[in-house]
Amino acid sequence: MSFGLGIIPVLAQNSKEVKSAADENLNKKDKQNRKQGMWFYNVPGQFGDPAYMEFGAYKDDQKTGLWYKLSKEQQLIAIENYKQNVLNGQAQYFENGKLYCIGNYRGIYSKYAYDTFLVTNPITLIDTLVATPSEQGYTKHGNWRYYNPVTGHLVREAEYQVDILLKEINYAQPIGLPATERPKLPHEGGAHKGWNTGHSSSKKSLIK
């Protein structure tokens with residue numbers, strides 16, 4: 610049985626039709642000009658930060674559910690959860706496509722300038738009310754685990770309550786393994802300031 614050359618343009622046409630149908634369902638806005646459904650972005654590098662691709666879903670102009678970041682080499686950089694356009698829940702971060710951090714965020718949704726959270730001291734068990742600026746949007750909250758991205762060994766554990774570090778454990782690495790510098794996280798400040806948070810006005814759609 611032979612298919613002949615005639616099948617080639619048919620396959621090419623079908624491929625174009627599938628791509629066209631997919632594009633029609635991406636980066637859409639409703640009649641109120643709100644982003645809805647799946648969106649893809651191509652975020653250019655700036656201020657020394659790397660360029661990356663980003664995709665995930667919107668509901669009524671707000672990020673919701675899982676959002677993915679990939680490098681220009683199409684290696685996974687991050688998987689993050691959003692609720693009402695704010696980081697909330699588990700996040701995973703990768704270096705050269707390999708997992709190096711699993712952590713948790715807690716979103717801030719107060720309509721007031723500050724939101725208050727009850728923080729329990731793990732030693733004294735005394736509760737303290739902590740005020741956090743609502744414009745901050747989210748905090749580290751819960752357990753964070755850092756791994757050697759080359760070997761997969763656990764190197765550090767930390768527990769946070771609304772950005773307050775309660776305790777941490779640093780683990781010794783097996784003898785003979787090279788030490789690795791902890792990669793910076795997106796959204797992270799201080800000495801390990803992270804790169805673009807994805808709110809830049811310069812990011813571009815991948816399909817426009």
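In terms of our numbering, the sequence shown is residues 610 to 817.
Ideal Cβ placement from N, Cα and C applies to all residues, glycine included.
As assigned by DSSP and simplified to three states, the class of residue i
i, result
"Glu633", "helix"
"Gln745", "helix"
"Arg643", "coil"
C-alpha distance - residue i paired with residue j, whole-angstrom precision
i, j, result
"Gln684", "Asp736", "43 Å"
"Lys749", "Arg715", "6 Å"
"Lys678", "Trp648", "12 Å"
"Arg754", "Gly698", "14 Å"
"Tyr709", "Thr725", "31 Å"
Residue i, buried or exposed, once every other Cβ within 10 Å from all chains shown has been counted against 16
i, result
"Ala630", "Any reading at Ala630 needs caution, since the residue's pLDDT is 47, under 50, leaving its predicted position unreliable; the model's value is listed next. Exposed, because fewer than 16 other Cβ atoms sit within 10 Å of the Cβ of Ala630."
"Asn752", "exposed"
"Tyr723", "exposed"
"Gly674", "exposed"
"His808", "Because His808 sits at a pLDDT of 40, beneath the cut-off of 50, its placement in the model cannot be relied upon, and the following sentence gives the value as read from the coordinates. So His808 counts as exposed."
"Val764", "buried"
"Gln770", "buried"
Near the ligand NAD: residue i beta-carbon under 7 Å from a heavy atom
i, result
"Trp753", "For the ligand NAD, the structure offers nothing, since it holds no ligand at all."
For residue i, the nearest candidate out of the options (CA to CA)
i, options, result
"Pro653", "Gln645, Ser680 and Arg715", "Ser680"
"Leu635", "Gly712, Glu766, Pro783 and Phe664", "Phe664"
"Gly712", "Ile686, Glu766 and Phe656", "Glu766"
"Ser719", "Leu708, Val695, Met662 and Gly706", "Val695"
"Leu774", "Ile732, Asn757 and Ala687", "Ile732"
Residues of its chain near residue i, where Cβ-Cβ distance is below 6 Å and the 5 sequence neighbours each way are ignored
i, result
"Thr729", "Asp736"
"Asp639", "Gln645"
"Asn779", "Arg765"
"Arg643", "Asp669 and Asp670"
Close beta carbons around residue i, own chain, < 8 Å, minus the five adjacent residues each side
i, result
"Tyr721", "Ser743"
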